Amino acid sequence: MHKLLLSAYRFTTNNFAQIQQSKLCGCCHCVQIFPAEEIVGWTGLDMHNMDDPEAVAKQTAMCPKCGSEAVLGDKAGYPITMQFLGMMNEAWYQQTLIRTPKPKA
Ligand SMILES: [Zn+2]
Numbered sequence: 800m801h802k803l804l805l806s807a808y809r810f811t812t813n814n815f816a817q818i819q820q821s822k823l824c825g826c827c828h829c830v831q832i833f834p835a836e837e838i839v840g841w842t843g844l845d846m847h848n849m850d851d852p853e854a855v856a857k858q859t860a861m862c863p864k865c866g867s868e869a870v871l872g873d874k875a876g877y878p879i880t881m882q883f884l885g886m887m888n889e890a891w892y893q894q895t896l897i898r899t900p901k902p903k904a
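Numbering (the working numbering), first residue to last: 800 to 904.
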């Protein structure tokens, strides 16, 4: 399962093209599920590359609920469920996966 969480994480950045083809999206930060069309905020473009189609396709979605760059679209092939998003949240934001928990004092 850890492998799945690791591989899913890269789909939360530079995911403009993926989200355009997705119907349902979820946020790994606030663990909410919402339709793809709710996403209105993107990062990655500035005055220099806003006309560059490649840069446009590599924008990163911002969560409409919490503003985090932690959005996963169903097109990426991972389950967009509270359970999966909750596991992503634990792994990446509570860092149970990348850092071993501190021993209890
Ligand atoms: Zn969120």
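Where a beta carbon is used, it is the ideal one built from N, C-alpha and C, also for glycine.
This structure is a prediction, so every number in the text was calculated from the model and none was measured.
Asked: Closer than 7 Å: residue 764 CB and nearest ligand 1 heavy atom; Found: Residue 764 lies beyond the residue range present for the chain, which begins at 800 and ends at 904; the question has no answer from this structure.
Asked: Distance CB(residue 843)-CB(residue 859) smaller than 8 Å; Found: yes
Asked: The region 878 to 889 / the region 847 to 857 touching (three or more Cβ pairs under 8 Å); Found: no
Asked: Where residue 863 falls: helix, strand or coil (DSSP); Found: coil
Asked: C-alpha distance - residue 883 paired with residue 857, whole-angstrom precision; Found: 24 Å
Asked: Residues that residue 834 bridges to, as DSSP identifies them; Found: 823
Asked: Cβ-based burial, residue 828 [other Cβ within 10 Å; buried from 16]; Found: buried
Asked: Per DSSP, the bridge partner or partners of residue 870; Found: 826
Asked: Contacts around residue 865, its chain only, beta-carbon distance under 6 Å, and the 5 residues preceding and following it disregarded; Found: 828, 829
Asked: Range of the contiguous beta strand (DSSP E) that encloses residue 840; Found: 840 to 842
Asked: Check: residue 828 C-beta below 7 Å from any heavy atom of ligand 1; Found: yes
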